[in-house]
Amino acid sequence: MLRYMIVEDEDLACERLKMELSVRPAWHLVAEAREVNEARQALMRHKPQVCFMDINIVGGSGFELVRELQGRLDTRWVFTTAYSEYAAQAFAVNACDYLLKPFDQQRFEAVLGKLEARYAAEQKPLERLAIRSMGHVQFIPVTTIIWIKGAGNYLELHCQDKTYLHRESMAVLEQSLDARQFLRVHRSAMINLDHLMAINSELGRFNNIEMSNGDEVRIGQCYRQSLFRQIGLESTD
């Protein structure tokens with residue numbers, strides 16, 4: 001999950017950033033600010049991994065704010081401005097990237113893709129899940145999770161001897177798990193490939209997965225090809 005912040009005093013640019021990032025499950029907005037003092041406080045409080053920083057903001061300069069906070073935050077800065085002549089200054093303060101307003105869609109996608117790739121390369125897959133229940137926290141090794149089912153605002157974590165309820169979205173947890181081990185097979189189901197025992201057909205189509213605990217998991221139509229590709233087989237339907 002990439003935690004990001006927007007420092008922008010133009011409503012149109014701010015809304016465009018939020019709209020584009022709202023459909024990308026890896027991104028989570030932690031704060032917005034319109035002027036320097038508000039931005040400084042929010043940055044120190046939330047410590048975002050990425051900040052989209054306008055150069056000319058109320059009360060000062062985005063450049064000066066970044067210089068002030070360098071060494072205090074591990075944040076990647078993407079400067080946004082309507083003026084191309086600021087590009088050299090942006091990279092002089094170790095900006096990750098630079099976007100000209102109005103944003104070009106192809107360029108914007110490239111910047112987001114680069115940030116996501118860098119973040120993914122740095123992330124170590126989750127090894128344990130903290131399950132909160134009845135005043136205590138239990139730590140579950142992810143290797144013991146056989147499959148995961150969406151259940152409203154919760155997830156059911158199906159293990160060999162017990163099913164745990166965990167309050168988190170499927171999309172957020174999926175980003176934290178090792179993609180080589182856990183695979184989404186349905187809008188509301190994800191499996192641990194180490195516990196995959198068989199894929200069974202129904203009316204001539206491979207629709208059901210048999211897991212090591214005997215549970216059957218339905219395969220969603222749009223996930224079938226990625227499942228077969230992941231396990232090194234070709235789908236025959």
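Residue numbers for the sequence shown follow full-length UniProt numbering, so the first one is 1 and each next one is one higher. Note that beta-carbon positions come from the ideal geometry of N, C-alpha and C, so glycine has one too.
DSSP lists no bridge partner for F108. In this structure, DSSP gives T75 a state outside helix and strand, which the three-state scheme calls coil. By the beta-carbon neighbour count (other beta carbons within 10 angstroms, threshold 16), C51 is buried. Contact annotation: C159 and I145 have beta-carbon atoms nearer than 8 Å. Scanning the stretch 6 to 43 for uninterrupted beta strand (DSSP E) segments of 3 residues or longer gives 27 to 33, listed from N- to C-terminal end.
Note on geometry: alpha-carbon atoms of I57 and A151 lie some 43 Å from one another.
By the Cβ criterion, the stretch 121 to 136 is not in contact with the stretch 200 to 212, since fewer than three pairs of Cβ atoms, one from each stretch, lie closer than 8 Å. Cβ atoms of Y154 and V185 stay farther apart than 8 Å, at about 19 Å.
Check the Cα spacing between T81 and each of L65, G60, C96 and F103: the tightest is with F103. For A171, the enclosing alpha helix (DSSP H) stretches over residues M170 to S176. Within the same chain, F103 come within 7 Å of R16 by CB-CB distance, once the 5 residues on both sides are set aside.
For I219, the closest alpha carbon among the candidates R229, E174, V142 and N207 is that of N207.
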